[in-house]
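Enquirer: Residue numbers (our numbering): 4 to 297.
Don't be surprised by glycine CBs; every beta carbon is placed ideally from N, CA and C.
In this text the structure is predicted, and so the values were computed from the model without any measurement.
Next up is a structure, given as structure tokens.
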């Protein structure tokens, strides 16, 4: 069963196209197929609960509730424990991360990576790396790097369809470490933007330009994503406009402009966005200092 095209589309953020490719796959009941179909539908806000009693289908029903803000982590743990696989552990770790339990989430990923599973390991590595680099502690980069390097040492060869997943994991580590930015990361995202152009790939490249203070190039991507062609991609525009606004806030600040209006737009659209939360925390700290010395 070859999921090369499915994974290419999914990890580029082209969820509609990923679903179209899944329909061409003969084995529709395999965990990997169920995983990518359900994850794509959840991303698009189109997931409907399955009546199937199979382990991963039951886990997805509970996971979808957690993503929507109404599910129980205990129910998901119960569903996963009855049918543990790399893909079901991926759901549990994702749910733990959603609820702020990052340390437990990484442990869940490592449990799957230490198992005898053969499918779904690359997906677990990427998730573990993403969770690790999102941690604000000073050891986040070393943790993420260790997880990735241990996986690569144990799996010198991996399926061609998993290459995009491993490349994404490497780009996460490189980005947070601030290394290889002008090398492999740029090459990877530039190639993605050429072969699989999407909101997600363009925003990834824009983040690299911002990190290197390439302001004209970053502005060009803003103009591209605000063009009629990309704005007509309604599902992607809905999903990724918050990240575009966050990147525009950074870009505008670097250009010396005012960001109040952009910040208000982001706050209205996605108040839980990390940029909004950090701004709120910093404002509260500033108010404390002012009150202390007033």
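Take residue 5 and list the residues in its own chain whose beta-carbon comes closer than 6 Å to its own, dropping the five residues that flank it on each side.
Expert: Against the chain shown, residue 5 aligns to sequence position 2. The answer is none, since no qualifying residue turns up.
Enquirer: Are three or more beta carbon pairs between the stretch 95 to 102 and the stretch 59 to 78 nearer than 8 Å?
Expert: The answer is yes - the stretch 59 to 78 touches the stretch 95 to 102, with three or more Cβ pairs under 8 Å.
Enquirer: Under 8 Å, with one C-beta from each stretch per pair, do the stretch 203 to 215 and the stretch 35 to 53 reach the 3-pair mark?
Expert: Too few Cβ pairs lie closer than 8 Å, so no.
Enquirer: With 16 other CB atoms within 10 Å as the buried threshold, where does residue 12 fall?
Expert: By one-based count along the chain shown, residue 12 stands at place 9. Its Cβ being crowded by 16 or more others within 10 Å, residue 12 is buried.
Enquirer: Thinking just about the alpha-carbon of each residue, which of 153, 180, 38 is nearest to the one in residue 169?
Expert: Within the chain shown, the letter at position 166 stands for residue 169. Selected option, being the one with the closest Cα: 153.
Enquirer: Counting Cβ pairs, one atom from each stretch, are 3 or more of them under 8 Å apart for the stretch 26 to 44 and the stretch 111 to 126?
Expert: As far as the Cβ criterion goes, the stretch 26 to 44 touches the stretch 111 to 126, which means the pair count is three or higher.
Enquirer: At the level of alpha carbons, what is the spacing between residue 224 and residue 86?
Expert: The residue you call residue 224 lines up with position 221 of the chain shown. The residue you call residue 86 lines up with position 83 of the chain shown. So the alpha carbons of these two residues sit roughly 44 Å apart.
Enquirer: How many Å lie between residue 273 and residue 248 at the Cα?
Expert: On the chain shown, position 270 is the one that residue 273 refers to. On the chain shown, position 245 is the one that residue 248 refers to. So the alpha carbons of these two residues sit roughly 10 Å apart.
Enquirer: With a threshold of 7 Å on Cβ separation, who are the neighbours of residue 262 within its own chain once the five nearest residues in sequence on each side are excluded?
Expert: Translated into positions along the chain shown, residue 262 becomes position 259. Answer for residue 262: 252, 255, 256, listed in chain order.
Enquirer: Could you tell me the alpha carbon to alpha carbon distance between residue 187 and residue 174, rounded to whole angstroms?
Expert: Here residue 187 corresponds to residue number 184 of the chain shown, with the count starting at 1. Here residue 174 corresponds to residue number 171 of the chain shown, with the count starting at 1. Straight-line Cα distance between these residues: approximately 8 Å.
Enquirer: Tell me whether residue 193 sits in a helix, a strand or coil according to DSSP, three-state version.
Expert: Your numbering for residue 193 matches position 190 in the chain shown. Residue state, collapsed to three classes: helix.
Enquirer: Which residues mark the beginning and the end of the alpha helix (DSSP H) in which residue 161 is found?
Expert: The sequence position of residue 161 within the chain shown is 158, counting from 1. Looking at the DSSP string, residue 161 is not in any alpha helix (DSSP H), and its letter there is neither H nor E.
Enquirer: Taking the alpha-carbon positions, what's the residue 271 to residue 118 distance?
Expert: As a position in the chain shown, residue 271 is number 268, starting the count at 1. As a position in the chain shown, residue 118 is number 115, starting the count at 1. Near 43 Å, if we compare the C-alpha coordinates of residue 118 and residue 271.
Enquirer: Here's the rule: buried if 16 or more other CB atoms are within 10 angstroms of the residue's CB, otherwise exposed. What is residue 275?
Expert: The sequence position of residue 275 within the chain shown is 272, counting from 1. Counting Cβ neighbours within 10 Å, residue 275 comes out exposed, since fewer than 16 surround it.
Enquirer: Could you compute how far the alpha carbon of residue 26 sits from the alpha carbon of residue 158?
Expert: Here the question's residue 26 lines up with position 23 in the chain shown. Here the question's residue 158 lines up with position 155 in the chain shown. Roughly 30 Å between the two C-alpha positions.
Enquirer: So, for residue 67: in the same chain, excluding its five sequence neighbours on each side, which residues have a beta-carbon less than 8 Å away from its beta-carbon?
Expert: Reading the chain shown from its first residue, position 64 is the one you call residue 67. Once the five neighbours on either side are set aside, the close Cβ partners of residue 67 are 41, 45, 50, 52, 74.
Enquirer: What are the boundary residues of the alpha helix (DSSP H) that residue 126 is part of?
Expert: Looking up residue 126 in the chain shown gives position 123. Note, residue 126: alpha helix (DSSP H), 124 to 137.
Enquirer: So, is residue 143 buried or exposed, given that buried needs 16 or more other C-beta atoms within 10 angstroms?
Expert: To locate residue 143, count along the chain shown from 1; it is residue 140. It counts as buried.
Enquirer: Would you mind reading off the limits of the alpha helix (DSSP H) that contains residue 42?
Expert: Here residue 42 corresponds to residue number 39 of the chain shown, with the count starting at 1. Run containing residue 42: 34 to 46, per the alpha helix (DSSP H) assignment.
Enquirer: Between the C-alpha atoms of residue 71 and residue 135, what's the straight-line distance to the nearest angstrom?
Expert: To locate residue 71, count along the chain shown from 1; it is residue 68. To locate residue 135, count along the chain shown from 1; it is residue 132. Roughly 23 Å separates the two Cα atoms.
Enquirer: Assuming contact is defined by CB atoms lying nearer than 7 Å, are residue 91 and residue 62 in contact in what I supplied?
Expert: Indexing the chain shown from 1 puts residue 91 at position 88. Indexing the chain shown from 1 puts residue 62 at position 59. Closer than 7 Å, so yes.
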